[in-house]
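I have placed the structure first, in the form of structure tokens, so that the comments after it can refer back to it.
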Amino acid sequence: MLKDGRPNLPSYTQAFVRINRLLEQLQQVACPVRAYQEVVIDSMPLPICRPKRAKRCRFAGAKWGYGTQGKFYGYKLHAWMLPSGEIVQYNVKPANLHDLTASYELNVQWGKYGGPKVIGDKGYCCLGYIHPPKKNTRYDTGWRLDRHPRMRKRIETVFSQLVAEGIRSLQAKTLRSLQVRVVLAVLAHNLTKP
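Residue numbering for the sequence shown follows full-length UniProt numbering, beginning at 1 and increasing consecutively.
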């Protein structure tokens, strides 16, 4: 349909092959490296199929994991985000990895981003992160009620926007095609930010 009257546009298959070849360049365009003061970290599930179909699913690398809505089969999107809503960096990991384990790869790039303060939720309770204190905490976690809960709410809103745009409703057969879908969603989201 889109190609009608436009002979210079590639077919769907050609476009998919070209986007697959340009995945690394698209990731650099979607999330350029700059210095930041503060970032918010969180994860969201990327289910590959419905739980009752997971036994028959042959998606390489997909695992069972837990999210806020229960058990799911697939991957998780782990992301750093600015308080303005722009996604700074992200990675896609199997769902069975704990948030701290998966966040390690994001933190490897910490120096390139100017050493920002990383603000997380209770899943990121360890030294180096700003997180809500537990009742028996004996040290200051850096959590400030006047600003950090609002910043945490912003990342949940961004994830809701990505879900509304269809990041979870996908027909992916390989991890590469899942990554293409995620990078296109992140790129479209970041282009709407000032």
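For glycine and all other residues, C-beta sits at the position ideal for the given N, C-alpha and C.
> Three-state secondary structure (DSSP) at Trp-143?
Replying inline: Reduced to three states, the DSSP call for Trp-143 is coil.
> Tell me, which residues are paired with Leu-77 by DSSP?
Replying inline: Beta-bridge analysis with DSSP links Leu-77 to Met-44, Val-92.
> Is the region 59–78 touching the region 37–51, taking contact as three or more C-beta pairs under 8 Å?
Replying inline: Because the criterion of three Cβ pairs below 8 Å is met, the region 59–78 and the region 37–51 touch.
> If you draw a straight line from the alpha carbon of Val-29 to that of Ile-167, how long is it in whole angstroms?
Replying inline: Going by the C-alpha atoms only, they are around 19 Å apart.
> Between Gly-114 and Val-183, what straight-line distance do the alpha-carbon atoms span, to the nearest angstrom?
Replying inline: Their backbone Cα atoms lie some 23 Å apart in a straight line.
> Touching or not, the region 114–128 and the region 24–44, by the rule of three or more beta carbon pairs under 8 Å?
Replying inline: Under the three-pair Cβ rule at 8 Å, the region 114–128 counts as touching the region 24–44.
>> Give me, in chain order, the residues of the same chain whose beta-carbon lies closer than 7 Å to that of Leu-82; leave out the 5 immediate sequence neighbours on both sides.
In response: Result list for Leu-82: Tyr-36, Val-39, Val-88, in chain order.
>> To the nearest angstrom, how far is the alpha carbon of Gln-25 from that of Arg-152?
In response: Approximately 29 Å between the Cα atoms of the pair.
> How big is the Cα-Cα spacing for Val-108 and Arg-21?
Replying inline: If I take the Cα positions, the gap works out to 25 Å.
> Buried or exposed: where does Lys-93 fall if 16 or more other Cβ atoms within 10 Å of its Cβ makes it buried?
Replying inline: A residue is called buried once 16 or more other Cβ atoms fall within 10 Å of its Cβ, and Lys-93 is buried on that count.
> Of the choices Ser-11, Trp-110, Cys-57, Asn-96, whose alpha-carbon is the least far from that of Thr-174?
Replying inline: The residue with the shortest Cα to Cα distance from Thr-174 is Cys-57.
>> I want to see whether chain D comes within less than 9 Å of Lys-122, judged by CB atoms only; does it?
In response: No chain D appears in the structure shown, which is made up of a single protein chain.
> Can you list, in chain order, the residues of its chain whose CB lies under 8 Å from that of Cys-31, leaving out five sequence neighbours each side?
Replying inline: The beta carbon of Cys-31 lies closer than 8 Å to those of Ile-87, Val-88, Gln-89, Tyr-90, Val-186, Asn-190 in the same chain, with the five residues before and after it left out.
>> Quick check: what's the CA-CA separation for Gly-120 versus Gln-14?
In response: Going by C-alpha positions, Gly-120 is about 40 Å away from Gln-14.
> Any idea which residues DSSP pairs Ile-87 with across the strands?
Replying inline: Ile-87 has Met-81 as its beta-bridge partners, per DSSP.
> Could you give the residue range of the alpha helix (DSSP H) that holds Tyr-104?
Replying inline: 99–108 is the extent of the alpha helix (DSSP H) around Tyr-104.
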